[in-house]
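Chains as they are written, first to last, in the numbering used here: chain H, -1 to 137; chain V, -1 to 137; chain D, -1 to 137.
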């Protein structure tokens, strides 16, 4: 893999997102202690359960986000920093999601929405990139 | 990363699989509304729980499938479309898994089996690819 | 992607880790049968719940481990086998985690700690690699 400006930007976004995800997991551990929810239980106190679902829901999203971020990074040839900026949008959405979900799960919508905008953007960049390359193949 | 026929095929399969996975997640959301299972609860109605497990089980499988798909895509040098075809087998298996699990979880076996066939195939292609390259290194 | 010694080593570690993860998932299936925990239930017997959490916790860790392993593999230009050795540390940590968690969840700490050491090491290698490349860009 050639080291490019695009791959460095996407690597830094990947690291930031993973650090947030690790922080979410660490909170689950602290909540086990605070509310006496011993493993393997995954329920028992509302605050623990919210922290648990924030972490798990972010895992559910990462398996979509990380592949699309890197597909866009490799296939899209246009504005070099655009995949990484869409990645920062995902990161920002997860921060909002975490804060709102911990306060009141009913207000978690906007954080999810920012993630969807990020995915759709990365998907569009990937498809643009594939079409550009396809045109090159056919030429 | 050089853009090749192999990488474009595997990218398209990745996108299709992720779209199915997003649809599974959207169904979990709808089932929360339909059966009044408010977050952070992950149980409360059988139909919600089936939709939740279909989504979660597919997440459990994606962390195996996506790395093996891309390892096979990069290492295997033979029939260019073979990794992607094994990826379509996984996609088909997940569609059957979803439909059968929602109808009756006891009938979920064949969908899982197709996924296992896909993994084993991708693993064999990866190992063939590594052995081919190893031979080249040693030469 | 050029096939290098580094990528072959990291591919082999990825395959070993995924095989352990599949074995953990197979145990969840066996425990469903042994303790009559029919899908979609994810609770009902302590031994089933421990096996379920061992598998799920490893999934939670894989979404951190696999991206960092491959970021380090691609960006770090130093001791070629170092990312793979840190990957073997993660594998060893998960083996200990599994054995201890099944015996008594309270003793699961050391297995988690080895994983954290592996992550931090891979993160440091990735950042070293990015800084090295950044210096090349700027030169």
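Glycine included, each C-beta is placed from N, C-alpha and C at the ideal position. Since we're looking at a predicted model, the values are computed, not measured.
- At least one C-beta of chain V is nearer than 7 Å to the C-beta of residue 48 (chain H).
- In the three-state reduction of the DSSP assignment, residue 55 (chain V) falls in the helix class, which pools H, G and I.
- Taken through DSSP and simplified to helix, strand or coil, residue 126 (chain D) comes out as helix.
- Taking 8 Å as the Cβ-Cβ cut-off, the segment 3 to 16 of chain H approaches chain D at 3, 5, 6, 9, 10, 12, 13, 16, given in chain order.
- Not flagged as an interface residue toward chain D: residue 94 (chain V), since no C-beta distance is shorter than 7 Å.
- Chain-ordered, the chain V residues with CB closer than 7 Å to the CB of residue 69 (chain H) read 9, 12.
- Between residue 94 (chain H) and residue 108 (chain H), the C-beta spacing is below 7 Å.
- Counted as a single uninterrupted DSSP element, the alpha helix (DSSP H) harbouring residue 12 (chain H) occupies residues 3 to 32.
- Secondary structure at residue 82 (chain H): helix, using DSSP grouped into helix, strand and coil.
- Under the criterion of beta carbons closer than 8 Å, residue 123 (chain D) and residue 70 (chain D) qualify as touching, at roughly 4 Å.
- One alpha carbon belongs to residue 125 (chain H), the other to residue 74 (chain H), and they sit about 8 Å apart.
- For residue 42 (chain H) and residue 91 (chain V), the gap between their C-alpha atoms comes out near 35 Å.
- Distance from the CA atom of residue 35 (chain D) to the CA atom of residue 46 (chain D), rounded to whole angstroms, is 8 Å.
- Judged by pairs of C-beta atoms under 8 Å, the segment 4 to 14 of chain V does not touch the segment 27 to 34 of chain V, as fewer than three such pairs exist.
- About 16 Å separates the Cβ atoms of residue 66 (chain H) and residue 111 (chain H), ruling out a contact at the 8 Å cut-off.
- Interface flag for residue 37 (chain H) against chain D is set, since a Cβ pair is found closer than 7 Å.
- Within the segment 107 to 135 of chain H, no residue has a Cβ lying closer than 8 Å to any Cβ of chain D.
- Looking at V:23, V:64, V:60, V:86, the one whose alpha-carbon comes closest to that of residue 48 (chain V) is V:23.
- Below the 8 Å Cβ cutoff, chain V contributes no neighbours of residue 91 (chain D), its closest Cβ being approximately 17 Å away.
- Taking C-beta atoms under 8 Å as the contact rule, residue 52 (chain V) and residue 117 (chain V) fail to qualify, at a distance of about 19 Å.
- For the options D:128, D:105, D:132, D:115, the alpha carbon positioned closest to that of residue 37 (chain H) is the one of D:105.
- When the five nearest sequence neighbours on each side are left out, the beta carbons in the same chain lying within less than 7 Å of the beta carbon of residue 119 (chain V) are those of 84, in order along the chain.
- Neighbourhood of residue 103 (chain V) in chain D, by CB distance below 9 Å: 36, 37, 38, in chain order.
- At the C-beta level, residue 89 (chain H) and residue 14 (chain H) come within 7 Å of one another.
- Linking residue 64 (chain D) to residue 133 (chain D) through their CA atoms gives a straight-line distance of about 26 Å.
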